[in-house]
Amino acid sequence: MSDQHHTQGIGMTSQRTRNRLIERLMQQGICDPKVLEAIRATPRHMFIDEALSSRAYEDTALPIGHNQTISQPYIVGRMTEALLAATRLEKVLEIGTGCGYQTAILARLFNKVYSIERIRPLYEQTARLLREMSISNINLRCADGYQGLTHIAPFDAIIVTAAPPEIPQNLLSQLADGGCMVIPVGPTGAQKLVRLIRDGNRFHETILDQVSFVPMLRGRD
Numbered sequence: 273m274s275d276q277h278h279t280q281g282i283g284m285t286s287q288r289t290r291n292r293l294i295e296r297l298m299q300q301g302i303c304d305p306k307v308l309e310a311i312r313a314t315p316r317h318m319f320i321d322e323a324l325s326s327r328a329y330e331d332t333a334l335p336i337g338h339n340q341t342i343s344q345p346y347i348v349g350r351m352t353e354a355l356l357a358a359t360r361l362e363k364v365l366e367i368g369t370g371c372g373y374q375t376a377i378l379a380r381l382f383n384k385v386y387s388i389e390r391i392r393p394l395y396e397q398t399a400r401l402l403r404e405m406s407i408s409n410i411n412l413r414c415a416d417g418y419q420g421l422t423h424i425a426p427f428d429a430i431i432v433t434a435a436p437p438e439i440p441q442n443l444l445s446q447l448a449d450g451g452c453m454v455i456p457v458g459p460t461g462a463q464k465l466v467r468l469i470r471d472g473n474r475f476h477e478t479i480l481d482q483v484s485f486v487p488m489l490r491g492r493d
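Residues in the sequence shown are numbered from 273 upward in steps of one, following this note's numbering.
In structure tokens:
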């Protein structure tokens, strides 16, 4: 298969299939045209195992190995749309790179994307894929997501793709004034998707949804 066909997809990964996904997301309330276009333009089938590629544009989470998943497109859209409440879209920090799908979508919306993955084999696999896709505004790190990147902060936006038991104060402190954090919080089975907007030393919190994410773990593997 040519590189162009690999990126654009054929059959169950074709543009028509992607358009059907976009229609479903719109029906579920994702309405920001920038977010919808970023999802439409990002080839989800390239971020999953080839054996699952026929399911790439279903609105469902899929396994990516290492006990991790690629998030349901609706959740990706919901979190990304909520993140755009930030006053500036210059610099974003993602905690939990995973397979890089959310990372690639952020790269279409922010000037600079920093992303942390704690599982080294997953980090190496995703770094290789994003290089092959020639996405140049992403900086990946293999590190403990709870630490963030203090030497690069503050960030205009922070998105967390695994659920800590409570909001990490260390990450909140790395959010710029007017910045926005979107994060799932709570124990398995009782998680809420939360948006926090920083206003000086105060944070305005909004609960967006009930969600189910893998737990956010400390350290590196």
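Ideal Cβ positions, reconstructed from N, Cα and C, are used throughout, including at glycine.
Return the chain-ordered list of same chain residues with a C-beta closer than 7 Å to the C-beta of residue i, the five sequence neighbours on each side being excluded.
| i | result |
| --- | --- |
| ARG490 | ASP416, TYR418 |
| GLY283 | Residue placement at GLY283 is poorly supported in this model, since its pLDDT is 47, which falls under 50; the coordinates still yield a value, given next. For GLY283, where only same-chain residues beyond five positions count, there are no Cβ hits under 7 Å. |
Please state whether the Cβ-Cβ distance between residue i and residue j is less than 8 Å.
| i | j | result |
| --- | --- | --- |
| ARG312 | ALA328 | no |
| GLY451 | ALA435 | no |
| VAL483 | LYS464 | yes |
| LEU412 | ILE430 | no |
| GLU389 | GLY420 | no |
| ARG296 | LEU480 | no |
| PRO426 | GLN446 | yes |
Please classify residue i: is it buried, with 16 or more other beta-carbons within 10 angstroms of its beta-carbon, or exposed?
| i | result |
| --- | --- |
| MET488 | buried |
| ALA310 | buried |
| SER343 | buried |
| ARG470 | buried |
| GLU366 | buried |
| GLN299 | exposed |
| GLY372 | buried |
| THR460 | exposed |
| GLN340 | buried |
Could you please give me the residues that DSSP links to residue i through a beta bridge?
| i | result |
| --- | --- |
| SER387 | GLU366, LEU412 |
| PRO459 | Partner(s): none; PRO459 has no beta bridge. |
| LYS244 | Residue 244 lies beyond the range of the chain shown here (273 to 493); nothing can be said about it. |
| LEU381 | Paired residue(s): none; LEU381 is not in a bridge. |
| LEU447 | PHE427 |
| PHE475 | ARG470 |
| ALA435 | PRO487 |
Of the residues the options, which one's Cα is nearest the Cα of residue i?
| i | options | result |
| --- | --- | --- |
| THR289 | VAL307, GLU389, ALA323, ASP331 | ASP331 |
| GLU404 | ARG292, PHE319, LYS306 | PHE319 |
| PRO305 | ASN339, LYS363, LEU356 | LEU356 |
| GLY370 | GLU362, ASN383, LEU402 | LEU402 |
| VAL385 | TYR395, PRO393, LEU394, GLN374 | GLN374 |
| ALA354 | LEU468, THR460, ARG474, GLY472 | LEU468 |
| ILE424 | VAL432, SER387, GLN397, PRO456 | SER387 |
| THR314 | ILE377, GLU396, GLY472, PHE475 | ILE377 |
Grab me the residues of residue i's own chain with a C-beta within less than 6 Å of its C-beta, minus the 5 sequence neighbours each way, in chain order.
| i | result |
| --- | --- |
| ARG360 | ASP428 |
| ARG380 | ALA310 |
| ALA358 | ASP428, ALA429, GLY451, CYS452 |
For residue i, collect the residues of the same chain with a Cβ closer than 8 Å to its Cβ; drop the 5 residues on either side in sequence, then sort them by chain order.
| i | result |
| --- | --- |
| ASN383 | LEU361, GLU362, LYS363, ASN409 |
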